[in-house]
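According to numbering that gives the first Met the number 0, the sequence shown is numbered sequentially starting from 0.
Built from N, CA and C at the ideal position, the CB exists for glycine as well.
Quantities reported herein were computed from a predicted structural model and do not represent experimental measurements.
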Amino acid sequence: MSAMVIFGLIASVALLFAFAMLNLGKWTVDDYPYQILNFIGAGFLAASAATPFNAGVFFTELIWSLFGLYGIIRIYLDRKKNTAQS
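Okay, structure coming up:
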């Protein structure tokens, strides 16, 4: 099994697990694990779409990964702000 296939499998598990936890009410979009798994999963899927290059999947997953990174940063800044106000 190639590295790209392994990346794709890890990514699929990460994204599906995060989606399941969100829909089962175990996590919210304000939980680090949800955003981290989206960031990593989408990043790995983008990498797996690089060879052979699949533009649609690559750019979708790249943008999804960036939204995950945004979510991580937003959670960090919100928690930092709330801690400072306490």
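- Counting of Cβ neighbours within 10 angstroms places PHE6 among the buried residues, the total reaching 16 or more.
- ALA49 sits in a strand when the DSSP states are folded into three classes.
- Between the stretch 45 to 55 and the stretch 17 to 35, the count of Cβ pairs shorter than 8 Å is below three; the stretches do not touch.
- Per DSSP, GLY7 is one residue of the alpha helix (DSSP H) stretching across 2 to 22.
- Boundaries of the alpha helix (DSSP H) harbouring LYS80: 54 to 84, taken from the DSSP string.
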